[in-house]
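K.L.:
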């Protein structure tokens, strides 16, 4: 990590995005006091993790679902955690119930599938009913139904007013789950903004337009300053103009619009752009 | 959801709760509990087997009854190693430290649970072993000083388990921990034999100070003419000192290192 500073706020799902090896897990481990930064500090509710009076009731973390690969059964796994922090034993069943593992409570965790371990890891995080939650790559190993369940759960947890930080290298999933994004690359902060704002800011605004007279519309749009690209399936992809302006131009020129579709970039496109910019910046710094 | 106060309230995580949680970890892991139970089972098992042999009449029932210690030390040491090293390959240690961020407290809890459970378990198993031997051999052998022998055996087992825990914490690997632990047991006895003749006496003069040589003398109090052995209680004290020093070193490193 390199001069990485960010704050995660309650009431929303904050996505922590970066490719493998970007420093997501290291950041989370540092927050939990497992790794010490060479300089700098991490705070949870204004305190270093090691000084929290109620660690598990303050922060719930899922770091590595495989950390639960023991011969212990699921209930015992939560039992020792509950005992260490004086958490009411009733919370164990509540946590298992919330992740849908009540029926597997007495099965050895070693025999769990990766998806079940992820669920148990989430139950571990929820055990102390904490206001702050951190999940490292919780989507890994979940099937479609599991991903849908996780998405609903995370939204619910954020709506309850909790602070939810969720890391993933899967952009498509993150686009569906997160409200706010922290993007890192090579240990540096690339973006810290709301998902919509990030997409808007970094998307190339383009509109696909097809009409009754593409040639006439093209001439009119060029006159208005539009940048036109040919589209493989007919019509034009117009850059630098809003759909409203294109519609009005068509009306003035007596051309009937057949299709008018704004084309926004996916999070993946935005991420690629951000990382490319970061790499360019870095190479310039190195060249100097 | 918990309402977390930002006041300087005392830490909610208490040593006794962490110790209870560490015992749950041991109790609910079949391999951990299995190695603990097996080490203790060896004592009465060997006692019964030894009682069936032709033992010289000079031997006491206590000595015969505790003949399983040679093996049980190894197993209980392995148990000590496993208590912490088994948490590393699965990264369970991350979860342990997330629950108990005060690392000294976590290590203290592990040490308390390991030594206490080993002392209680060894006292019961040794008493059963000596009792069984006395029951079988009552016509032929005097019972001997059972109470100090059982107390010493229990303390020695606890010290061996603590040494195992320390080695496990230092190396953070089950394989490395076990190999190092067993290598310690071979020093200097096995090592001295392969040294050149002029070095051997020097090595053997240091021998009583080596951890497991000190421990060996516990099981061989009659070998008074063996210069490599210290008197029994002195040996036990030496061995306990080794365990405590290594434990302190392992805690210091455990606090400093990234998990």
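Chains as they are written, first to last, in the numbering used here: chain A, 1223 to 1510; chain B, 11 to 269.
Glycine is no exception: its CB is placed at the ideal position from the N, C-alpha and C atoms.
Computed from a predicted structure; not experimentally measured.
Give the residues from the region 1278-1294 of chain A that approach chain B closer than 8 Å (Cβ to any Cβ), ordered along the chain.
P.N.:
Those residues of the region 1278-1294 of chain A that come within reach of chain B (Cβ to Cβ, closer than 8 Å) are 1278, 1279, 1280, 1281, 1283, 1285, 1286, 1288, 1289, 1290, 1291, 1292, 1293, 1294.
K.L.:
Ends of the alpha helix (DSSP H) at residue 61 of chain B?
P.N.:
Taking the first residue of the second chain as 1, we reach residue 61 of chain B at position 51. 40-61 is the extent of the alpha helix (DSSP H) around residue 61 of chain B.
K.L.:
Going along the region 31-53 of chain B in order, which residues come within less than 7 Å of chain A, judged by CB to CB distance?
P.N.:
Correct list: 31, 34, 35, 38, 39, 40, 41.
K.L.:
Are there 16 or more other CB atoms within 10 angstroms of the CB of residue 1231 of chain A, so buried, or fewer, so exposed?
P.N.:
For the purposes of this step, residue 1231 of chain A is taken as the residue at position 9 of the first chain. Result: exposed.
K.L.:
Contact between the region 1285-1292 of chain A and the region 98-109 of chain B: three or more CB pairs below 8 Å?
P.N.:
Yes, they touch.
K.L.:
Out of A:1270, A:1305, A:1320, A:1332, point me to the one whose CA is closest to residue 1294 of chain A's CA.
P.N.:
Residue mapping note: residue 1294 of chain A aligns to position 72 of the first chain, counting from 1. Per the Cα distances, A:1332.
K.L.:
Taking C-alpha atoms, which residue in B:24, B:147, B:142, B:182 lies nearest to residue 94 of chain B?
P.N.:
Here residue 94 of chain B corresponds to residue number 84 of the second chain, with the count starting at 1. When only C-alpha atoms are compared, the closest one is B:182.
K.L.:
If the criterion is Cβ atoms closer than 8 Å, does the pair residue 1226 of chain A and residue 1409 of chain A meet it?
P.N.:
Taking the first residue of the first chain as position 1, residue 1226 of chain A is located at position 4. Taking the first residue of the first chain as position 1, residue 1409 of chain A is located at position 187. Their beta carbons are under 8 Å apart, which means residue 1226 of chain A touches residue 1409 of chain A by this criterion.
K.L.:
Following the continuous beta strand (DSSP E) through residue 1458 of chain A, name the residue where it begins and the one where it ends.
P.N.:
Taking the first chain and counting its residues from 1, one reaches residue 1458 of chain A at position 236. It spans 1458-1461 - the beta strand (DSSP E) in which residue 1458 of chain A sits, taken as one unbroken run.
K.L.:
Of the choices B:49, B:89, B:68, whose alpha-carbon is the least far from that of residue 78 of chain B?
P.N.:
The residue given as residue 78 of chain B occupies position 68 in the second chain. Looking at the Cα atoms, B:49 is the closest of the given residues.
K.L.:
Got a sec: is the Cβ-Cβ distance from residue 73 of chain B to anything in chain A below 8 Å?
P.N.:
Locating residue 73 of chain B in the second chain gives position 63, where the first residue counts as 1. Judged by the 8 Å Cβ criterion, residue 73 of chain B is not in contact with chain A.
K.L.:
So, using beta-carbon positions, are residue 1431 of chain A and residue 1484 of chain A closer together than 8 Å?
P.N.:
Taking the first chain and counting its residues from 1, one reaches residue 1431 of chain A at position 209. Taking the first chain and counting its residues from 1, one reaches residue 1484 of chain A at position 262. No, the pair does not count as a contact, with Cβ atoms beyond the cut-off.
K.L.:
With 8 Å as the threshold, decide whether the Cβ of residue 148 of chain B is near any Cβ in chain A.
P.N.:
To locate residue 148 of chain B, count along the second chain from 1; it is residue 138. Output row for residue 148 of chain B: interface = no.
K.L.:
Nearest to residue 1417 of chain A by CA position, among A:1316, A:1493, A:1264, A:1299, is which residue?
P.N.:
Numbered from its first residue, the first chain carries residue 1417 of chain A at position 195. The candidate whose alpha carbon is nearest that of residue 1417 of chain A is A:1493.
K.L.:
So, is residue 243 of chain B buried or exposed, given that buried needs 16 or more other C-beta atoms within 10 angstroms?
P.N.:
As a working mapping, residue 243 of chain B is identified with position 233 in the second chain. Exposed, by the Cβ-count rule.
K.L.:
Exposed or buried, what is residue 1374 of chain A when buried is set at 16 or more other beta-carbons lying within 10 Å of its beta-carbon?
P.N.:
Working through the first chain from its first residue, we reach residue 1374 of chain A at position 152. Burial call: exposed.
K.L.:
Chain A beta carbons: is any one of them nearer than 8 Å to that of residue 230 of chain B?
P.N.:
Working through the second chain from its first residue, we reach residue 230 of chain B at position 220. Any reading at residue 230 of chain B must be qualified, since the residue scores a pLDDT of 48, below 50, and its modelled position is unreliable; the value itself is stated next. Output row for residue 230 of chain B: interface = no.
K.L.:
Using only the alpha-carbon positions, how far apart do residue 1371 of chain A and residue 1327 of chain A sit?
P.N.:
Position 149 of the first chain, counted from the first residue, corresponds to residue 1371 of chain A. Position 105 of the first chain, counted from the first residue, corresponds to residue 1327 of chain A. Computed Cα separation, rounded: 19 Å.
K.L.:
Report yes or no: do the region 1300-1311 of chain A and the region 108-120 of chain B share at least 3 C-beta pairs separated by less than 8 Å?
P.N.:
Yes, they touch.
K.L.:
Contact defined as beta carbons within less than 8 Å: I believe residue 60 of chain B pairs with residue 74 of chain B. What is the distance between those atoms, to the nearest angstrom?
P.N.:
Stepping through the second chain from its first residue, residue 60 of chain B is reached at position 50. Stepping through the second chain from its first residue, residue 74 of chain B is reached at position 64. Residue 60 of chain B to residue 74 of chain B, Cβ: 5 Å. Contact.
K.L.:
Identify whether residue 116 of chain B lies in helix, strand or coil by the three-state DSSP scheme.
P.N.:
Numbered from 1 along the second chain, position 106 holds the residue referred to as residue 116 of chain B. If DSSP states are grouped into helix, strand and coil, residue 116 of chain B belongs with the helices.
K.L.:
Just to make sure I have the definition right: I need the residues of chain A whose C-beta is within less than 8 Å of the C-beta of residue 101 of chain B. Which are they?
P.N.:
Taking the first residue of the second chain as position 1, residue 101 of chain B is located at position 91. 1285, 1286, 1288, 1289, listed in chain order.
K.L.:
When we look at the beta-carbon of residue 259 of chain B and count the other beta-carbons within 10 Å, is it buried (16 or more) or exposed?
P.N.:
Within the second chain, numbered from 1, the residue matching residue 259 of chain B stands at position 249. Result: exposed.
K.L.:
With residue 1433 of chain A as the anchor, note down where its alpha helix (DSSP H) starts and where it stops.
P.N.:
Here residue 1433 of chain A refers to the residue found at position 211 when the first chain is read from its first residue. Here residue 1433 of chain A belongs to no alpha helix (DSSP H); instead the beta strand (DSSP E) covers 1428-1433.
K.L.:
With distances taken from CA atoms, which of A:1281, A:1283, A:1351, A:1335 is nearest residue 1314 of chain A?
P.N.:
Against the first chain, residue 1314 of chain A aligns to sequence position 92. The shortest C-alpha separation from residue 1314 of chain A is found at A:1351.
K.L.:
Closer than 8 Å, CB to CB, is residue 112 of chain B near chain A or not?
P.N.:
Along the second chain, read from residue 1 onward, the residue named residue 112 of chain B stands at position 102. Residue 112 of chain B counts as touching chain A.
K.L.:
Kindly indicate which residue of A:1436, A:1388, A:1461 has the alpha-carbon position closest to the one of residue 1240 of chain A.
P.N.:
The sequence position of residue 1240 of chain A within the first chain is 18, counting from 1. For residue 1240 of chain A, the nearest C-alpha among the options comes from A:1388.
K.L.:
Go through the region 110-170 of chain B residue by residue and report every complete run of the alpha helix (DSSP H) that reaches 4 residues or more, in order.
P.N.:
Runs found: 113-147.
K.L.:
Around the C-beta of residue 41 of chain B, are 16 or more other C-beta atoms found within 10 angstroms, so that it is buried, or is it exposed?
P.N.:
For the purposes of this step, residue 41 of chain B is taken as the residue at position 31 of the second chain. Exposed, because fewer than 16 other Cβ atoms sit within 10 Å of the Cβ of residue 41 of chain B.
K.L.:
Buried or exposed: residue 1353 of chain A, going by 16 or more other Cβ atoms within 10 Å of its Cβ?
P.N.:
Numbered from its first residue, the first chain carries residue 1353 of chain A at position 131. Flag for residue 1353 of chain A reads buried.
K.L.:
Under 8 Å Cβ-Cβ, which residues of chain B neighbour residue 1346 of chain A?
P.N.:
On the first chain, position 124 is the one that residue 1346 of chain A refers to. What residue 1346 of chain A touches in chain B: 105.
K.L.:
If we count the other Cβ atoms within 10 Å of its Cβ and call it buried at 16 or more, is residue 159 of chain B buried or exposed?
P.N.:
To locate residue 159 of chain B, count along the second chain from 1; it is residue 149. It counts as buried.
K.L.:
Within 10 angstroms of the Cβ of residue 1263 of chain A, are there 16 or more other Cβ atoms? Answer buried if so, exposed if not.
P.N.:
For the purposes of this step, residue 1263 of chain A is taken as the residue at position 41 of the first chain. It is exposed - the Cβ of residue 1263 of chain A has fewer than 16 other Cβ atoms within 10 Å.
K.L.:
Return the chain-ordered list of same chain residues with a C-beta closer than 8 Å to the C-beta of residue 1266 of chain A, the five sequence neighbours on each side being excluded.
P.N.:
Walking along the first chain from the start, residue 1266 of chain A turns up at place 44. So the list reads 1253, 1274, 1280, 1281, 1354, once near-sequence residues are dropped.
K.L.:
Would you identify the three-state DSSP class for residue 75 of chain B, choosing helix, strand or coil?
P.N.:
Numbered from its first residue, the second chain carries residue 75 of chain B at position 65. Helix, per DSSP.
K.L.:
Considering Cα atoms alone, identify which of A:1453, A:1458, A:1434 is closest to residue 1443 of chain A.
P.N.:
Here residue 1443 of chain A corresponds to residue number 221 of the first chain, with the count starting at 1. Closest option to residue 1443 of chain A, Cα to Cα, is A:1458.
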